Amino acid sequence: MMIVAIVVFTVVYVLIASERVNRVAAALTGAGVILAVGVIGPDDAFFSQETGIDWNVIFLLFGMMVIVGVLRQTGIFEYVAIWAAKRARGRPFQVMALLCLITALASAALDNVTTVLLIAPVTLLVCEKIGVRPVPFLIAEALASNIGGTATLVGDPPNLIVASKSGLGFNDFLVNLAPIVIVMLVAFVALSRFLFRKDFTADPAQVAEVMKLDEREAIQDRPLLVRSLLVLGLVLAGFTLHSVLHLEPSVVALLGAGLLVALSGLPPQTYLVDIEWETLLFFAGLFMLVGSLVKTGVIGHVATALVTVTGDSVPVAMMVLLWGSAVLSAVVDNIPSLRR
Amino acid sequence: MRAGEVCEPYPVVTTGTPALEAARLMARDRLPGLIVTSPDGTPRAVLPASEVVRFIVPDYVQADPTLAGVIGEIAADRIAERLANVTVGDLLPKRPAELPVLKADDTLLELAAVMARLRSPLCAVVDGGRIVGVVTASRLLELACGDPRS
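Line order of the protein sequences matches chains A and B.
Residue numbers for the first sequence follow our numbering, beginning at 42 and rising by one.
Residue numbers for the second sequence follow our numbering, beginning at 52 and rising by one.
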């Protein structure tokens with residue numbers, strides 16, 4: 042069974058890395074195979090904390106996606122981005138710096154992909170008005186999103202998985218990572234000034250066009266905005282008060298999602314559109330695949346081998362894990378890299 | 052009734068026609084779309100007016116309709132500027148789509164079936180590879196339902 046688990050996992054991994062097959066199709070087919078041949082059983086896959094789907098991760102992601110789905114109906118992201126571009130008086134570098142800051146902040150609370158999808162259309166609009174190439178701005182935002190997402194437990198799926206397996210809480214991430222993330226963000230923005238220096242030349246006449254944009258028109262539903270921000274604030278408070286409330290982040294996110302849906306009065310199709318079912322299903326498939334490696338002892342053997350290679354040196358083990366994860370994440374989605 | 056009997060003369064543009072000129076032609080004659088031909092006169096595509104409208108809406112507004120509101124009235128009135136310096140060929144889908152083309156001896160039902168399947172506001176009628184006329188959706192309905200004035 043160990044050989045079967047390794048073969049199935051490797052094939053799925055290669056298919057995902059090669060991008061020849063949709064990653065959900067690869068992960069779910071792989072999970073189906075290991076269940077069908079009996080490497081793990083339904084109890085292992087669906088109910089075991091050790092080898093099964095981590096429902097805390099799935100429902101935390103789901104809850105936050107619902108919250109974002111409602112929040113984006115309000116137009117708050119567009120409002121803030123245009124307000125920032127006007128505060129920067131349309132000066133390209135200042136616009137980029139502020140958009141990166143907004144992206145990083147939003148990514149710390151929300152999913153990275155969603156954040157960039159929300160900020161990208163506004164960026165295209167602002168860049169068109171200023172008359173500069175949007176590509177450097179979008180690249181900078183993608184990087185800022187990754188940097189910002191690292192700051193919190195809910196900012197990035199890999200953080201969720203690390204938290205779930207290590208028992209680290211929301212505040213552990215915030216206290217240990219947020220200061221580093223702030224330093225990284227400042228360094229990144231400074232570096233962007235140099236990296237994209239050729240793209241910060243704008244026609245002053247066009248820059249004035251940015252000032253004509255009316256960010257207030259972006260707000261679609263003011264009462265909904267107030268309710269959404271209130272619920273988001275409560276959810277973030279719930280995350281940070283974990284030691285007092287003893288509620289798992291997934292429970293807090295689900296409570297917040299339920300409350301916001303109830304308060305919003307929106308029909309389900311408006312916010313369910315934003316649920317990334319592909320991501321959730323991919324995670325579910327991957328959890329089962331990794332569960333098969335855990336049950337058959339492959340992960341245990343890998344861990345033992347790693348200890349043998351690195352000896353008793355914690356710094357060496359850290360470096361091996363760090364660089365190994367970094368190299369793998371460069372060629373394949375960072376979720377399977379980390380899960381392994 | 053056969054398509055060849057009911058089709059009407061219709062303006063035709065080529066892929067090289069300036070997009071602005073084609074849009075103005077549609078606007079002036081209130082046309083639902085235009086037949087696009089290759090330079091040799093063979094039908095190449097149908098350009099619905101809705102496709103031209105879609106083109107003048109910036110990509111970022113299509114991705115996020117909220118942004119349509121933040122652009123001021125003066126700038127919004129200039130959206131047709133996007134048609135400058137592009138040709139009809141630039142407005143056509145990159146993937147060649149099936150053409151709403153019928154033979155002159157096809158019936159009204161065949162005409163309606165093609166229009167419905169391809170969701171096209173008009174159909175070109177060809178005879179010997181050359182366009183002999185066009186039937187629009189409104190003309191088809193007039194023929195099928197009868198003219199209330201008559």
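All C-beta atoms, glycine included, are put in the ideal place defined by N, C-alpha and C.
Predicted model only: the values in this text are computed from it and were never measured.
Does the beta carbon of residue i sit closer than 8 Å to a beta carbon anywhere in chain A?
| i | result |
| --- | --- |
| Y111 of chain B | yes |
Could you tell me the alpha carbon to alpha carbon distance between residue i and residue j, rounded to whole angstroms?
| i | j | result |
| --- | --- | --- |
| Y111 of chain B | A185 of chain A | 20 Å |
| L313 of chain A | L209 of chain A | 30 Å |
| F328 of chain A | L143 of chain B | 45 Å |
| E169 of chain A | T138 of chain B | 21 Å |
| G341 of chain A | P109 of chain B | 54 Å |
| P177 of chain A | V368 of chain A | 24 Å |
| V177 of chain B | R146 of chain B | 23 Å |
| T320 of chain A | V98 of chain A | 11 Å |
| L300 of chain A | G196 of chain A | 21 Å |
| G332 of chain A | G71 of chain A | 12 Å |
| I108 of chain A | A167 of chain B | 40 Å |
| G20 of chain A | A325 of chain A | In this structure chain A extends from 42 to 381, so residue 20 of chain A is not present and cannot be described. |
| R263 of chain A | Q310 of chain A | 20 Å |
| E56 of chain B | A155 of chain B | 8 Å |
| H283 of chain A | I130 of chain B | 51 Å |
| Y54 of chain A | F106 of chain B | 40 Å |
| K336 of chain A | I81 of chain A | 7 Å |
| A129 of chain A | M252 of chain A | 10 Å |
| R380 of chain A | T65 of chain B | Here the model assigns R380 of chain A a pLDDT of 48, short of 50, so the residue's position is not dependable, and the following value carries that caveat. Roughly 56 Å separates the two Cα atoms. |
| T156 of chain A | S148 of chain A | 6 Å |
| A175 of chain B | T88 of chain B | 11 Å |
| D84 of chain A | L254 of chain A | 56 Å |
| P69 of chain B | L173 of chain B | 21 Å |
| V45 of chain A | I75 of chain A | 8 Å |
| V103 of chain B | G84 of chain B | 9 Å |
| P356 of chain A | V216 of chain A | 22 Å |
| I316 of chain A | A249 of chain A | 38 Å |
| L56 of chain A | A67 of chain A | 7 Å |
Should residue i be flagged as near chain B, meaning a C-beta pair shorter than 8 Å?
| i | result |
| --- | --- |
| D244 of chain A | no |
| E119 of chain A | yes |
| E256 of chain A | yes |
| G116 of chain A | yes |
| L307 of chain A | no |
| L166 of chain A | yes |
| G82 of chain A | no |
On the criterion of 16 or more Cβ atoms from any shown chain inside 10 Å, does residue i qualify as buried, or is it exposed?
| i | result |
| --- | --- |
| E72 of chain B | exposed |
| N153 of chain A | buried |
| G279 of chain A | buried |
| I160 of chain A | buried |
| N136 of chain B | exposed |
| L214 of chain A | It is worth fixing the name first, because residue 214 of chain A is Phe in this sequence and not Leu. Per the 10 Å Cβ criterion, buried. |
| I125 of chain B | exposed |
| M106 of chain A | buried |
| G207 of chain A | With the sequence shown as reference, residue 207 of chain A is identified as Ser, and Gly is not the correct amino acid for it. When all chains shown are included, S207 of chain A counts as exposed. |
| M77 of chain B | buried |
| M225 of chain A | buried |
| M221 of chain A | According to the sequence as given, residue 221 of chain A is Ile; it is not Met. Label assigned to I221 of chain A: exposed. |
| E59 of chain B | exposed |
| F88 of chain A | exposed |
| S291 of chain A | buried |
| F211 of chain A | buried |
| M137 of chain A | buried |
| T345 of chain A | exposed |
| L236 of chain A | exposed |
| D95 of chain A | buried |
| S23 of chain B | Nothing can be reported for residue 23 of chain B: it is not among the residues displayed for chain B, which extend from 52 to 201. |
Could you check if residue i belongs to the surroundings of the ligand MG, using beta carbon to heavy atom distance under 7 Å?
| i | result |
| --- | --- |
| V203 of chain A | Of ligands this structure carries none, so the ligand MG is not represented either. |
Looking at the C-beta of residue i, does it have a partner C-beta in chain D at a distance below 8 Å?
| i | result |
| --- | --- |
| E256 of chain A | Absent from the structure: chain D. Protein chains present are A and B. |
Near-chain A residues of the stretch 114-142 of chain B (beta-carbon distance less than 9 Å), N- to C-terminal order: Residues passing the 9 Å Cβ filter: A114, D115, T117, L118, A119, G120, V121, I122, G123, I125, A126.
task: Determine which residues of the stretch 121-148 of chain A have a Cβ less than 8 Å from any Cβ of chain B, and write them out in chain order.
output: Close to chain B, meaning a Cβ-Cβ distance shorter than 8 Å, are the following residues of the stretch 121-148 of chain A: I123.
message: By the 9 Å beta-carbon criterion, what residues does the stretch 147-163 of chain A contribute toward chain B?
response: Legend: CB atoms of the stretch 147-163 of chain A lying less than 9 Å from CB atoms of chain B belong to residues L158, L159, A161, P162, V163.
- request: Could you name the residues of the stretch 253-285 of chain A whose beta carbon sits closer than 7 Å to any beta carbon of chain B, in the order they occur along the chain?
  value: Listed by position along the chain: K253, L254, D255, E256, E258, A259, Q261.
- request: Let me know the alpha helix (DSSP H) ranges lying completely inside the stretch 106-190 of chain B, each 4 residues or longer, listed in chain order.
  value: List check, alpha helix (DSSP H) in window: 110-114, 124-127, 139-142, 159-169.
field: Complete alpha helix (DSSP H) runs within the stretch 125-173 of chain A (minimum length 4 residues, chain order)
entry: 133-150, 153-171, all fully within the stretch 125-173 of chain A.
- request: Return the chain-ordered ranges of every alpha helix (DSSP H) run that is complete within the stretch 240-264 of chain A and spans a minimum of 4 residues.
  value: DSSP runs (the alpha helix (DSSP H)) wholly in the stretch 240-264 of chain A: 245-252.
- prompt: Taking the runs of the alpha helix (DSSP H) that are 4 residues or longer, which of them lie wholly in the stretch 318-348 of chain A?
  reply: Along the stretch 318-348 of chain A, the alpha helix (DSSP H) occurs as fully enclosed runs of 4 or more residues at 318-336, listed in sequence order.
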